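Structure, as C-alpha cells:
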Amino acid sequence: MTDYKVVGKGLPRIDGPAKAMGKAIYTVDVNLPGMLYGKILRSPYPHARILNIDTTAAEQLPGVKFIMTGKDVGDVRYAFVDTPRYPADEHPLAIDKVCYIGDEVAAVAAVSETVAEKALSLIKVEYEILPGVFTVEEAMKPDAPLIHEELLEGTSAWEDWGVAQKKQQREAEINVNNMSGHSAISFGDVEQGFKDSDYVREDKFELKATAHCQMEPHAAVASYDPVEDKLHMWLSTQGIFLKRFLLSKTFKMPIGKIRIHHTFVGGAFGGKIDLFPYEFCAAYMSMKLGQPVKIELEREEVFMATRQRHPMVIKVKTGIKKDGTILAQDIKVIADNGGYRGSGPIVVFLCHGFSFPIYNVPNYRYEGFSIYTNSGIRGPQRGHGAPQIRFSIDSHLDLIARDLGMDSVDIMLKNIRHQGDLLPNGDRLNSCGLKECLEGAAKSIDWENKRMQFKAQPQEGRYKTGVGISLCAMFSGAMYYPFASAAIVKMHDDGTATLFTGAQDIGQGSYTTLSQVLAEELGIGLEDVHLVAGDTELCPIDIGSFLSGTALVTGSAVKLAAADAKRQLLECAVEVLGVDDIGELETQDKRIFVKDDPEKSISFTQAIQTSVFKKGGNPIIGTGSYKGYSETDRYPSLAKCKGLFTGAYGFAAHAAEVEVDILTGKVKLLKAVTYHDCGFSLNKTIVEGQVHGCVSMGAGQAISEEIVLEKGQLFNASFLNYQIPISLETPESVDQLVATYEPTGPFGAKEVGEGALAGILGAIGNAVHDAIGVRVYSLPITPEKVLRALKN
Amino acid sequence: MEKTINLTVNGETRSIAVDVNQTLLEVLREDLGLTGTKKGCNQGECGACTVLMDGKPVSSCLVLAVKADGKTVMTIEGVAKDGSLHPIQETFNQKGAIQCGFCTPGMILTTKNLLDKNPNPSLGEIKEAISGNICRCTGYVQIIEAITSLAKEKNARGGV
Ligand code: FES
Ligand code: FES
Numbered sequence: 000m001t002d003y004k005v006v007g008k009g010l011p012r013i014d015g016p017a018k019a020m021g022k023a024i025y026t027v028d029v030n031l032p033g034m035l036y037g038k039i040l041r042s043p044y045p046h047a048r049i050l051n052i053d054t055t056a057a058e059q060l061p062g063v064k065f066i067m068t069g070k071d072v073g074d075v076r077y078a079f080v081d082t083p084r085y086p087a088d089e090h091p092l093a094i095d096k097v098c099y100i101g102d103e104v105a106a107v108a109a110v111s112e113t114v115a116e117k118a119l120s121l122i123k124v125e126y127e128i129l130p131g132v133f134t135v136e137e138a139m140k141p142d143a144p145l146i147h148e149e150l151l152e153g154t155s156a157w158e159d160w161g162v163a164q165k166k167q168q169r170e171a172e173i174n175v176n177n178m179s180g181h182s183a184i185s186f187g188d189v190e191q192g193f194k195d196s197d198y199v200r201e202d203k204f205e206l207k208a209t210a211h212c213q214m215e216p217h218a219a220v221a222s223y224d225p226v227e228d229k230l231h232m233w234l235s236t237q238g239i240f241l242k243r244f245l246l247s248k249t250f251k252m253p254i255g256k257i258r259i260h261h262t263f264v265g266g267a268f269g270g271k272i273d274l275f276p277y278e279f280c281a282a283y284m285s286m287k288l289g290q291p292v293k294i295e296l297e298r299e300e301v302f303m304a305t306r307q308r309h310p311m312v313i314k315v316k317t318g319i320k321k322d323g324t325i326l327a328q329d330i331k332v333i334a335d336n337g338g339y340r341g342s343g344p345i346v347v348f349l350c351h352g353f354s355f356p357i358y359n360v361p362n363y364r365y366e367g368f369s370i371y372t373n374s375g376i377r378g379p380q381r382g383h384g385a386p387q388i389r390f391s392i393d394s395h396l397d398l399i400a401r402d403l404g405m406d407s408v409d410i411m412l413k414n415i416r417h418q419g420d421l422l423p424n425g426d427r428l429n430s431c432g433l434k435e436c437l438e439g440a441a442k443s444i445d446w447e448n449k450r451m452q453f454k455a456q457p458q459e460g461r462y463k464t465g466v467g468i469s470l471c472a473m474f475s476g477a478m479y480y481p482f483a484s485a486a487i488v489k490m491h492d493d494g495t496a497t498l499f500t501g502a503q504d505i506g507q508g509s510y511t512t513l514s515q516v517l518a519e520e521l522g523i524g525l526e527d528v529h530l531v532a533g534d535t536e537l538c539p540i541d542i543g544s545f546l547s548g549t550a551l552v553t554g555s556a557v558k559l560a561a562a563d564a565k566r567q568l569l570e571c572a573v574e575v576l577g578v579d580d581i582g583e584l585e586t587q588d589k590r591i592f593v594k595d596d597p598e599k600s601i602s603f604t605q606a607i608q609t610s611v612f613k614k615g616g617n618p619i620i621g622t623g624s625y626k627g628y629s630e631t632d633r634y635p636s637l638a639k640c641k642g643l644f645t646g647a648y649g650f651a652a653h654a655a656e657v658e659v660d661i662l663t664g665k666v667k668l669l670k671a672v673t674y675h676d677c678g679f680s681l682n683k684t685i686v687e688g689q690v691h692g693c694v695s696m697g698a699g700q701a702i703s704e705e706i707v708l709e710k711g712q713l714f715n716a717s718f719l720n721y722q723i724p725i726s727l728e729t730p731e732s733v734d735q736l737v738a739t740y741e742p743t744g745p746f747g748a749k750e751v752g753e754g755a756l757a758g759i760l761g762a763i764g765n766a767v768h769d770a771i772g773v774r775v776y777s778l779p780i781t782p783e784k785v786l787r788a789l790k791n
Numbered sequence: 000m001e002k003t004i005n006l007t008v009n010g011e012t013r014s015i016a017v018d019v020n021q022t023l024l025e026v027l028r029e030d031l032g033l034t035g036t037k038k039g040c041n042q043g044e045c046g047a048c049t050v051l052m053d054g055k056p057v058s059s060c061l062v063l064a065v066k067a068d069g070k071t072v073m074t075i076e077g078v079a080k081d082g083s084l085h086p087i088q089e090t091f092n093q094k095g096a097i098q099c100g101f102c103t104p105g106m107i108l109t110t111k112n113l114l115d116k117n118p119n120p121s122l123g124e125i126k127e128a129i130s131g132n133i134c135r136c137t138g139y140v141q142i143i144e145a146i147t148s149l150a151k152e153k154n155a156r157g158g159v
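Protein chains in written order, with numbering that gives the first Met the number 0: chain A, 0 to 791; chain U, 0 to 159.
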C-alpha cells in the first residue's frame with residue numbers, strides 16, 4: 000500500500016478537544032439576546048378531527064408572545080418524500096385533522112419555557128375522535144378508515160431542478176387502502192426458478208419500531224432579521240442544504256434569504272434529516288415577532304413525535320438446489336410508516352436496494368408496500384431498511400441450511416456477489432470484499448468449533464451458547480437533493496489551508512476525515528488544516544450526512560479541491576525550481592520539491608508569494624465538486640427500483656456469539672465480530688468507532704429495543720423504559736477491516752458507519768437459534784419470546 | 000419564589016438568586032452559561048448532566064439548585080487546567096472515546112470520580128462506574144479502552 004502521511008492513520012479527531020472541554024456548541028446551547036422559548040401542543044388522540052381551537056385564555060397569560068395554529072399557516076406542506084407520485088403530506092401544524100398521538104396542533108412562544116408550558120395547558124382544542132388503524136393488516140383492509148383521503152399534488156426537488164423525468168401516472172392498478180408507497184421489481188422467471196429448485200421454503204419475520212436515541216434532543220433556534228430580511232437558523236441536523244431548501248420551499252422565501260449556522264450535532268442516526276414542525280414554528284414565530292425563538296424538544300417528544308424506524312412484516316421465499324445454489328427468491332415487505340408518509344416509499348425501495356447487492360439470485364421478485372397507520376412517523380434510521388431486510392433474508396437462509404443439514408456459511412459463500420459483478424440495475428461492484436468479510440468473520444468467531452448445529456451432544460445446564468452469522472451492504476451516497484458536494488481549499492501565507500465544507504459532523508468524524516483527505520492530497524499536516532463547516536452562507540453545497548455519502552461524495556470533492564490548489568502551487572514552482580512540467584514536482588510538509596532532486600525545493604509560502612506577484616494576484620483557492628454519478632438521466636425510480644442507485648457499496652459480515660439463559664429467556668451478546676469492507680479506512684480509530692457504534696445499536700435492536708405501542712399510545716418514551724444498551728452490556732468486540740479499493744472514492748474509501756449495523760441482527764437471531772435449537776421470528780428477541788419459543 | 004444560594008463552581012464562589020424549583024442543571028446552563036453540562040433527558044436517566052458535587056457524581060437535572068447551597072461543584076469546564084487538557088480528556092480523544100460528544104462531559108466527570116477513588120479499576124468496575132452514562136455513538140468500547148489505559152498509565156506512574 001502507498002505510504003500515506005495523513006490518511007489511514009488513527010489520528011485523534013480535530014473536534015475532540017472542544018467536545019472534551021465542554022466548549023463545543025450544540026443547537027441546545029445557542030442563546031441569543033432577547034430569545035423567546037417555544038413549545039408545541041400535541042394531539043392526545045391517534046386519529047381525530049379538530050373542530051375548534053380556543054387560544055383566548057392562553058393569549059392572556061402574561062409572558063405569552065405568540066400563539067400559532069394550523070389556521071395561521073394554511074395549507075403548507077413538506078415531507079422527506081416529495082415527488083409527483085408521492086406529494087408531501089405533512090403540515091407544520093394540523094389544519095383540520097390529527098393522525099397520530101403527538102401530531103402538532105399549536106405552538107406558543109413565551110418569555111420562558113415554563114410560561115410557554117403553562118400556555119399550552121390553557122389552549123382548548125375540541126376534537127371529534129375518528130376510528131384509528133394501528134397495524135398494517137388492519138390498515139390495508141378494504142373497509143379500513145382512510146388516514147389520508149385527499150389526493151395531493153406536488154412537485155419534487157428533482158423537478159424543481161429540472162432534472163426529473165416527466166410526471167408519473169398514479170398507480171391505479173394497485174388498490175390497497177392506506178398505501179403510502181409501493182416498490183416492485185422482478186427479473187428472471189421466479190415461478191420457473193421455484194419449480195427447478197430442490198427445496199423451497201417460506202418464512203415470515205416481524206420487526207418492531209425502534210428509536211434513534213440521539214443524546215442531544217431535537218432543537219431549533221430561529222432568528223429573523225427584519226432589516227436584512229433574512230432568516231437565521233441553528234438546527235440540529237444532518238444536512239444544512241436540504242434543510243435550507245425545504246425551509247425556502249415551505250416559506251416561499253428565496254433560498255438566499257435563509258442562512259443555517261454551524262452547530263455541533265449530538266447524534267443523528269438518520270433521525271435529524273426531515274424538516275420538523277418545531278423548526279418551522281420557531282422560524283414562523285421569529286418572523287412574526289422579529290425576535291429569536293428557541294424550541295427544544297423534551298425527551299418524551301423526541302421518542303413520540305420525531306422519527307422512528309419502520310416496523311415491518313417481511314416474507315421471504317427461496318428455492319435452492321441441493322448444492323446450495325439459490326435459484327429463486329420472492330420477497331414481500333410491508334412497512335408501517337405511521338400517520339404520515341415519512342420515508343415509507345424510500346424504505347420499501349431500499350429493502351430491495353440493500354438485499355440484491357449481497358446474493359446473486361437469477362430469478363428474483365420483490366414487492367414492498369408502505370402503509371399509513373395512526374402511529375408516530377417513521378423515517379430514516381441508520382441502515383434505513385437494511386437491518387430489517389438483512390435480518391429476514393439471512394435468518395431465512397439459516398433456517399434453510401438447518402433443514403438441509405448444510406452449513407449456512409457454505410450457502411452464503413456459494414451465492415455471494417464478487418468484485419466486478421454488474422447488478423441488475425446497472426450498478427457495478429468496483430470493489431467488493433464480501434467473500435473475505437464472510438470468511439474472516441467465520442474464522443474469528445471460531446465457527447467450525449462453536450457452531451452447535453453439528454454437535455452430537457446438546458448443551459447441558461441453564462446457559463446455552465451459540466453462534467450466528469449474517470451479511471450486509473450499504474450505499475455510499477445516493478441521488479438526493481442537493482445531489483452533489485463541493486469544497487473550497489483556501490491557502491494561507493504560512494502554507495496552511497482552510498477547508499470550507501457544507502458537511503455536518505454528526506459524530507461520525509467527517510470533519511477529521513475530510514481534513515485528512517485535504518492534508519494528504521495537498522502535502523500538509525492535519526494540524527495545518529483549518530475548518531469552516533456547516534454554514535450555508537460560508538460553505539459550498541453539500542449532499543449532507545445521510546445515505547452514507549460523506550466519505551465518498553464530499554471526500555471526493557475535497558480531494559479535487561485540494562488537488563486544484565496543489566496544481567496552482569506547483570505551477571508557480573515550475574519556473575522557480577527550473578523544471579519543465581509540474582509532473583516533476585511533489586509536495587510534502589508545506590514544501591514543493593523536485594522528485595528527482597529533493598534538495599531543490601521551495602516552501603508553499605514562496606509559491607503563494609510567486610502566485611500573488613506573477614499570476615494577477617491569485618492567492619490560490621482550490622475548488623472541487625463531485626456527484627455520485629455523472630449521468631443525469633438514470634436516477635433511481637422508487638416505484639420501479641430502476642436506475643442507478645449509488646456509486647459504491649460498502650459491505651460487512653457480522654458474527655455473533657450469544658448466551659441464552661433458558662430459565663429467564665435472557666439473551667446476552669458475548670462476542671460481536673465485524674469484518675467490513677469500506678474500501679480504505681481514512682481514519683482507523685474513527686472507522687472502528689463507527690463499527691462499534693453500529694454493533695451496539697444493532698445489538699440493542701436485536702435484543703431489547705422496541706417502541707411499545709398500544710392503540711397508537713407510546714408506553715416507553717424514556718431511557719428508563721426504552722432499553723438502549725448500557726456499558727454493562729458491551730460485548731467482546733472484534734472488528735477487522737477488509738481492505739479493497741474503491742476506484743471512485745477518495746484514496747479508495749467508501750461507506751462505513753451505517754451498513755455495519757444491519758448484519759448483527761441476523762447474526763444474533765441465528766446465534767440464538769444455534770444456542771436453543773428453536774427460532775424466534777420477530778425482533779427484539781425478548782425473554783418472553785425466547786421462553787415462548789422454547790415452550791412450543 | 001426566589002432564594003439566594005452560594006456555591007463554588009470550578010473554584011469560583013458564586014452567589015446566585017434562584018427559583019426554588021430550578022434544578023442545578025438549569026442554573027449551570029442558563030444562569031452561569033456553563034453549557035458544557037448537557038441535558039439529555041431531564042429525568043435522571045442518561046447521565047449527560049453529570050457534575051461532581053463535593054467530589055461525588057450527581058445528575059444535576061435531579062438536584063434542586065437550593066440543595067446545592069454551600070456546595071462545591073465541578074463541571075466539565077473546570078476539568079482542563081490553564082487551557083490544557085486533563086489526561087482523561089486527552090486519552091478520551093486519543094482513543095476515539097468521543098464521537099458526537101454529547102455524553103462526553105458527563106462521561107469524563109464520572110471517569111474522573113472513578114479514577115480518583117480507584118486508580119486501578121477492573122474491567123467490571125469500569126463498566127459498572129459508567130453504567131449510568133448512556134452513549135449512543137460509541138457502543139462504549141473505545142470509552143472502556145480509554146479508561147483502561149488511563150488506569151494503566153496511573154499505575155505505571157505509581158498513582159497520581
Ligand atoms: S439530563 Fe440528567 S440524567 Fe439525563
Ligand atoms: S459520543 Fe455521542 S452519545 Fe456518546
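Even glycine gets a Cβ: it sits at the ideal position worked out from N, Cα and C.
Predicted model only: the values in this text are computed from it and were never measured.
Using a C-beta to C-beta distance shorter than 9 Å, which residues of chain U count as neighbours of residue i?
i, result
"A:Leu668", "Within chain U, no residue comes near A:Leu668; the closest Cβ sits about 11 Å away, beyond 9 Å."
"A:Thr684", "Gln93, Lys94, Gly95, Gln141"
"A:Cys677", "Neighbours of A:Cys677 on chain U: none; closest Cβ ~16 Å, over 9 Å."
Quick one: which chain A residues come within Cβ less than 7 Å of residue i?
i, result
"U:Ser14", "Within chain A, no residue comes near U:Ser14; the closest Cβ sits about 22 Å away, beyond 7 Å."
"U:Ser121", "What U:Ser121 touches in chain A: nothing, since even the nearest Cβ is about 13 Å away."
"U:Asn112", "Within chain A, no residue comes near U:Asn112; the closest Cβ sits about 15 Å away, beyond 7 Å."
Can you tell me which residues form a DSSP beta bridge with residue i?
i, result
"A:Val63", "A:Ala109"
"A:Trp233", "A:Val220, A:His260"
"A:Ile620", "A:Lys489"
"A:Leu584", "A:Val593"
"A:Cys317", "The question names Cys, but residue 317 of chain A is Thr in the sequence shown. Note: A:Thr317 sits in a beta bridge opposite A:Arg200, A:Gln328."
"U:Met168", "The first residue shown for chain U is 0 and the last is 159, placing residue 168 of chain U beyond what the model contains."
"A:Cys471", "A:Ala651"
Is residue i near residue j, with beta carbons less than 8 Å apart?
i, j, result
"A:Leu576", "A:Ile601", "yes"
"U:Ile87", "U:Lys111", "yes"
Classify residue i: buried if its beta carbon has 16 or more other beta carbons within 10 angstroms, exposed otherwise.
i, result
"A:Arg774", "buried"
"A:Met232", "buried"
"U:Met0", "exposed"
"A:Lys165", "Below a pLDDT of 50, predicted positions are generally treated as unreliable, and A:Lys165, at 48, falls in that range; the measurement from the model is reported next regardless. So A:Lys165 counts as exposed."
"A:Glu201", "exposed"
"A:Lys321", "exposed"
Can you give me the C-alpha to C-alpha distance between residue i and residue j, rounded to a whole angstrom?
i, j, result
"U:Ala96", "A:Pro724", "16 Å"
"A:His675", "A:Gly747", "14 Å"
"A:Gly9", "A:Gly688", "11 Å"
"A:Ile542", "A:Gln503", "10 Å"
"A:Ala440", "A:Ala564", "42 Å"
"A:Leu230", "A:Ile272", "19 Å"
"A:Phe657", "A:Gly699", "In the sequence as displayed, the identity of residue 657 of chain A is Val instead of Phe. Looking at the two C-alpha atoms, the distance is approximately 13 Å."
"A:Ile94", "A:Lys70", "6 Å"
"A:Gly548", "A:Phe268", "13 Å"
Could you tell me which chain A residues have their CB closer than 8 Å to the CB of residue i, listed as they occur along the chain?
i, result
"U:Ala64", "Within chain A, no residue comes near U:Ala64; the closest Cβ sits about 14 Å away, beyond 8 Å."
Give the interface partners of residue i over in chain U, defined as CB-CB distance under 8 Å, in chain order.
i, result
"A:Leu727", "Lys126, Glu127, Ser130"
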